[in-house]
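Chemist: Supplied in structure tokens, the structure appears directly below.
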Amino acid sequence: DVIDVRPLTGKGLFTYDPGFVSTAACESQITYIDGDQGILLHRGYPIEQLAEKSDYLEVCYLLLNGELPTPEQNKAFHNTISNHTMVHEQLSQFFKGFRRDAHPMAIMCGVVGALSAFYHDSLDINNAHHREVCAYRLIAKMPTLAAMCYKYSIGQPFMYPRNDRSYADNFLRMMFATPCSDYEVSPVLARAMDRIFTLHADHEQNASTSTVRLAGSSGANPFACIAAGIAALWGPAHGGANEAVLTMLEEIGDESNIPEFIARAKDPEDSFRLMGFGHRVYRNFDPRAKVMKKTCDEVLAELGIENDPLLKIAKRLEQIALEDEYFVKRQLYPNVDFYSGIILKAIGIPTNMFTVIFALSRTIGWISHWNEFHSSPNRIGRPRQLYTGYTQRDYPADR
Ligand code: ACO
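What the sequence shown shows, in UniProt numbering, is residues 29 to 427, in sequence order.
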């Protein structure tokens, strides 16, 4: 008994587009993607140029404000972010409520949402200055919170941020230094970390960004909205893919096993997919994956582990898949997550932190979209549905 929805939807055109394949939910001036050509532009600038010539904080400024900063603006922005890196001391108590073996993304959903309980002074979403302060706080505090998750999981004391270090350097230090031993960050690794942040900074209306916009459309505070984005990012079809890629490469274990996994990925009866392959928008190489691959080579050379077995499996897998008719026909290319996991592993970051690093990086994209939403006339997001349930029926008289 499927009912005719037309009388319920009024006179207008009713579109049914599962997965939002061809429906724009908003206008935006932040990021442009041409999936057929493999083009990604932030405020008009190609991602390859930003990854090569800029750095993460400058890209944050660009995404948020629409233009690259002047040298003075850049310096002031760096200073502002540095001044907000500490989190309220009471927040460290919050961590202790979690099990030590909790997934760090579960902790991040909680602690980022909890920021709204600490920073009441900037929650007026109609006030542009408040929105700006929230953005600064989030950009600055995410590395601190992410590193706290890791330290908590291994039972080490939290490391305070150091404002004389660069954004990436500071993050790596908070991850790997201890009160007994400092951690000297190699410039090559700091640069690679910064590139990973930059390459993940924004990607228009993906599942997590759309979640942040939708949550924001109800007037929810930005910390709660970003926590919603973190939850949406966690899934393996989205940000969880970088963790899943590494698990898959470890499962493959040896180049000789690759054909077996390729066959599984092609089998319609098997739910297994090649992690790090395919993208809803790109039907060509993901431009971020190309930069990531180059960065991966640089990191492994710096560490003297070019013959890393996982990298060898990854390269061979990529080669086989790119020549396989199944993947060619469906235009399935490596995406940004295919190589990022190998870089993170080489830097010494545990697998369960990979998606946390994605969340840290994507926070600027989320908050820029949230800010764009509130900076222009808007209305609450309210998707419709195609109802396929029962028509009206009476409650049984004999119950
Ligand atoms: N391995 C094997 N087959 C695949 C893969 C894959 N990774 N991705 C898509 N396909 C196949 C599907 O089975 C389907 O085949 P069919 O036409 O014979 O039924 C076809 O390609 C189209 O796939 P859809 O699921 O319709 O593509 P969609 O755009 O909905 O999904 C997604 C995109 C979720 C990214 C998908 O490619 C996937 O699951 N990839 C693996 C997970 C991954 O790497 N995610 C990260 C995305 S990037 C990011 O979030 C940063």
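A virtual CB, placed ideally from N, CA and C, is assigned to each residue, including glycine.
Would you say the beta carbon of Arg292 comes nearer than 6 Å to a heavy atom of the ligand ACO?
Modeler: Incorrect: Arg292 has no Cβ contact closer than 6 Å to the ligand ACO.
Chemist: Determine the DSSP secondary structure at Thr383, reduced to helix, strand or coil.
Modeler: DSSP places Thr383 in helix when its eight states are reduced to three.
Chemist: Could you spell out the range, first to last residue, of the beta strand (DSSP E) harbouring Asp325?
Modeler: That residue, Asp325, is in no beta strand (DSSP E); its alpha helix (DSSP H) goes 315–331.
Chemist: Under a Cβ-count criterion, where at least 16 other Cβ atoms within 10 Å of its own Cβ denotes burial, should Tyr44 be classed as buried or exposed?
Modeler: Its Cβ having fewer than 16 others within 10 Å, Tyr44 is exposed.
Chemist: Do residue 431 and the ligand ACO come close, with the Cβ less than 6 Å from some heavy atom?
Modeler: Given a span of 29 to 427 for the chain in the structure shown, any question on residue 431 remains unanswerable.
Chemist: Cβ-heavy atom distance between Asp352 and the ligand ACO below 6 Å?
Modeler: No; taking the cut-off as 6 Å, the Cβ of Asp352 has no heavy atom of the ligand ACO nearer than that.
Chemist: Within 10 Å of its beta-carbon, does Asp29 have 16 or more other beta-carbons around it, so buried, or fewer, so exposed?
Modeler: Here Asp29 scores only 49 on pLDDT, less than 50, and its place in the model is too uncertain to base an answer on.
Chemist: With distances taken from CA atoms, which of Tyr89, Pro171, His116, His402 is nearest His148?
Modeler: Nearest option by C-alpha distance: His116.
Chemist: Closest to Val309 by C-alpha separation, out of Ala235, Thr419, Phe199, Gly263, would be which residue?
Modeler: The residue with the shortest Cα to Cα distance from Val309 is Ala235.
Chemist: Note the first and the last residue of the continuous alpha helix (DSSP H) segment covering Tyr164.
Modeler: Looking at the DSSP string, the run of the alpha helix (DSSP H) that includes Tyr164 is 156–182.
Chemist: Taking 6 Å as the cut-off, is the C-beta of Val364 nearer than that to any heavy atom in the ligand ACO?
Modeler: Yes; taking the cut-off as 6 Å, the Cβ of Val364 has a heavy atom of the ligand ACO nearer than that.
Chemist: Between the alpha carbons of Asp325 and Ile341, how many angstroms are there, rounded?
Modeler: Each residue's alpha carbon lies about 14 Å from the other.
Chemist: Given that a residue counts as buried once 16 or more other Cβ atoms are within 10 Å of its Cβ, and exposed if not, what is Tyr415?
Modeler: Flag for Tyr415 reads exposed.
Chemist: Determine, using beta carbons only, whether Arg311 and Gln359 come nearer to each other than 7 Å.
Modeler: It is a contact, given that the beta carbons lie within the stated cut-off.
Chemist: Output needed for Asp152: all residues of its chain with C-beta closer than 6 Å, excluding positions within five of it in sequence on either side, in chain order.
Modeler: So the qualifying residues of the chain are His158.
Chemist: Can you tell which of Arg410, Ala142, Thr51, Asn270 has the C-alpha that lies nearest to the C-alpha of Met320?
Modeler: Closest option to Met320, Cα to Cα, is Asn270.
Chemist: Grouping DSSP H, G and I as helix and E and B as strand, with all else coil, what is Tyr367?
Modeler: Of the three classes helix, strand and coil, the one that applies to Tyr367 here is helix, per DSSP.
Chemist: I need the DSSP call for Asp29, collapsed to helix, strand or coil.
Modeler: Because the pLDDT at Asp29 is just 49, under 50, the model does not fix this residue reliably, and the value given afterwards should be weighed accordingly. It is coil, neither helix nor strand.
Chemist: How far does the beta strand (DSSP E) with Val62 in it extend, from its first residue to its last?
Modeler: Position check: residue 62 holds Asp in this sequence, whereas Val was assumed. From DSSP, the beta strand (DSSP E) with Asp62 extends over 59–62.
Chemist: Using the C-alpha atoms, what's the distance from Thr237 back to Ser56?
Modeler: Between Ser56 and Thr237, the C-alpha separation is close to 12 Å.
Chemist: Is the beta carbon of Leu345 within less than 6 Å of some heavy atom of the ligand ACO?
Modeler: No - the ligand ACO has no heavy atom lying nearer than 6 Å to the Cβ of Leu345.
Chemist: Which of helix, strand or coil does DSSP assign to Ile67?
Modeler: Strand, per DSSP.
Chemist: Could you give the distance in angstroms between the alpha-carbon of Leu200 and the alpha-carbon of Phe186?
Modeler: Distance between the alpha carbons of Leu200 and Phe186 is about 13 Å.
Chemist: Pull up the distance between the alpha-carbon of Pro424 and that of Arg390, whole angstroms please.
Modeler: The alpha-carbon atoms of Pro424 and Arg390 are separated by roughly 52 Å.
Chemist: Span of the alpha helix (DSSP H) holding Gly141?
Modeler: Where Gly141 is concerned, the enclosing alpha helix (DSSP H) stretches over 132–142.
Chemist: Output needed for Glu278: all residues of its chain with C-beta closer than 8 Å, excluding positions within five of it in sequence on either side, in chain order.
Modeler: Contacts found: Leu338.
Chemist: In terms of alpha-carbon separation, which member of Leu173, Ala291, Gly281, Glu160 lies closest to Glu353?
Modeler: When only C-alpha atoms are compared, the closest one is Ala291.
Chemist: Secondary structure at Leu41, three-state DSSP: helix, strand or coil?
Modeler: DSSP places Leu41 in coil when its eight states are reduced to three.
Chemist: Taking Cβ positions, are Ile58 and Leu91 nearer each other than 7 Å?
Modeler: Taking 7 Å as the Cβ cut-off, Ile58 and Leu91 qualify as a contacting pair.
Chemist: Give the list of continuous beta strand (DSSP E) stretches no shorter than 3 residues that lie fully inside the stretch 221–297.
Modeler: Counting only runs of 3 or more, we get nothing.
Chemist: Could you check which residue in Val327, His402, Lys318 has the C-alpha nearest to that of Ile67?
Modeler: Taking only the C-alpha atoms, the option nearest Ile67 is Lys318.
Chemist: Are Pro189 and Thr172 touching if we call contact CB-CB under 7 Å?
Modeler: Yes, they are a contact pair.
Chemist: Determine the closest residue to Ile167 out of Ser246, Phe105, His131, with distance taken between C-alpha atoms.
Modeler: Selected option, being the one with the closest Cα: Phe105.
Chemist: Would you please state the rounded distance, in angstroms, between the beta carbons of Trp398 and Cys253? I believe it to be under 8 Å.
Modeler: With 8 Å as the limit, Trp398 and Cys253 qualify as a contact, their Cβ atoms being about 6 Å apart.
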